[in-house]
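Written out below as structure tokens is the structure these notes cover.
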Amino acid sequence: MTLAAYLIVAAAVFCCGLYGVLTRRNAIGMLIGVELMANAGNINLIAFSRFLGQVDGQVFTLFAIALTVAEVVVGLALVLLLYRSRKNIDVVQASEMKG
Amino acid sequence: MMLEYVAFGIISTAIVGSAIGAVTSRNLVHSVLFLASTLLSTAVLYVHLESALIAGIQVILYTGGVITLMLFGILLTDDTHAVTRQNRSTGHLAGGIGALAMFGFIIASIHQSALPSLPQTFDINAKSIGFAFLTKHLLAFEALSLLLLAALVGAVVLARRSDP
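Chains A and B, in that order, are what the protein sequence lines are.
So for the first sequence, the numbering used here puts the first residue at 1; every next one is plus one.
So for the second sequence, the numbering used here puts the first residue at 1001; every next one is plus one.
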């Protein structure tokens, strides 16, 4: 396989995640989109690590996985706060600060 | 050689197909389960790329941690009497155009770039990754432990009901 094949798969996953973030009204649905985008970045890092033969890509992937997990934890805490104050997690309705 | 193409085709179809399912499913629980399928298929792709350690960590952290957390999040933020969870979406046309434009941009960038070919030797294992962690990337490693502590404390402070 060429490196371009892996990069194209990662690009497809990234764009699925982007579509999810742009269209979801549910806050957890948006978090799923963000997860997909982070996962696409990890695929790129691992593919470049394999094709360049360097260990740094795998180290960065481990950092990225830990960062994503921390982001999900804080994001879900924020979603819980949103639910507690509004009784739903629709991000379109939570727009009091709209300019 | 042929078998490798077949394996890559199956894995990438599973990844992209379940990613599309995750962003288009109308039921939020189905979305999370499609996300789990994407992440597991990605772990298989990591094994295909000879990165077994990352594949194991991906399975443990994502499917063990993140998916469970998300299912708990759904449980806590919706009515529990219905099995189906609404996962409405809006702006399909604008979102689809934006995502497709981004895809075209990335494909054009990949097409223009000079990419390296597959090297013959590849000797990265858990030992060399751990060595790189504790020598070259030691500062980032320590900063990451601080970040995990901050995320732990932050999540507890944000999500607790009130002052005891």
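Cβ atoms here follow ideal geometry from the backbone N, Cα and C, with glycine treated the same way.
ASP90 (chain A) is bridged by DSSP to A:ASN26.
Rounded to whole angstroms, the Cβ separation of ARG25 (chain A) and ASP90 (chain A) is 5 Å, and the two are in contact under 8 Å. Here the C-alpha atom of ALA77 (chain A) lies approximately 19 Å from the C-alpha atom of THR1063 (chain B). Put simply, the backbone Cα of SER1018 (chain B) is about 29 Å away from that of VAL55 (chain A). When secondary structure is reduced to three states using DSSP, HIS1137 (chain B) falls in the coil class, being assigned neither helix nor strand. The beta carbon of VAL1032 (chain B) sits closer than 8 Å to some beta carbon of chain A. Counting only residues of its own chain and dropping the five nearest sequence neighbours on each side, LEU3 (chain A) has a CB closer than 7 Å to the CB of ALA47, PHE51. Within the same chain, LEU1045 come within 8 Å of SER1012 (chain B) by CB-CB distance, once the 5 residues on both sides are set aside. Looking at the backbone, the Cα of TYR19 (chain A) and that of ILE32 (chain A) are separated by about 11 Å. The Cβ atoms of ILE43 (chain A) and THR1042 (chain B) sit closer than 8 Å to each other. For LEU1039 (chain B), the neighbours in chain A by C-beta distance under 7 Å run, in chain order, ASN39.
The Cβ atoms of LEU45 (chain A) and GLY53 (chain A) do not sit closer than 8 Å to each other. The criterion of a C-beta distance shorter than 8 Å is not satisfied by PHE1131 (chain B) and PHE1141 (chain B). Look at VAL1059 (chain B): its C-beta is not under 8 Å from any C-beta on chain A. Where LEU1069 (chain B) is concerned, the enclosing alpha helix (DSSP H) starts and stops at 1067 to 1076. The beta carbon of ILE1110 (chain B) sits closer than 8 Å to some beta carbon of chain A. In the displayed model, GLN54 (chain A) falls within coil according to three-state DSSP, outside both helix and strand. Under a criterion of Cβ atoms nearer than 8 Å, no residue of chain A is adjacent to GLU1142 (chain B); the nearest Cβ is some 12 Å distant. For ALA1114 (chain B), no alpha helix (DSSP H) encloses it, and the DSSP letter there is neither H nor E. Counted as a single uninterrupted DSSP element, the alpha helix (DSSP H) harbouring GLN1058 (chain B) occupies residues 1052 to 1058. Residues of the same chain with a CB within less than 6 Å of the CB of SER1037 (chain B), apart from the 5 flanking positions on each side, are SER1018 in chain order. Going by beta carbons, THR1077 (chain B) and TYR83 (chain A) fall inside the 8 Å limit.
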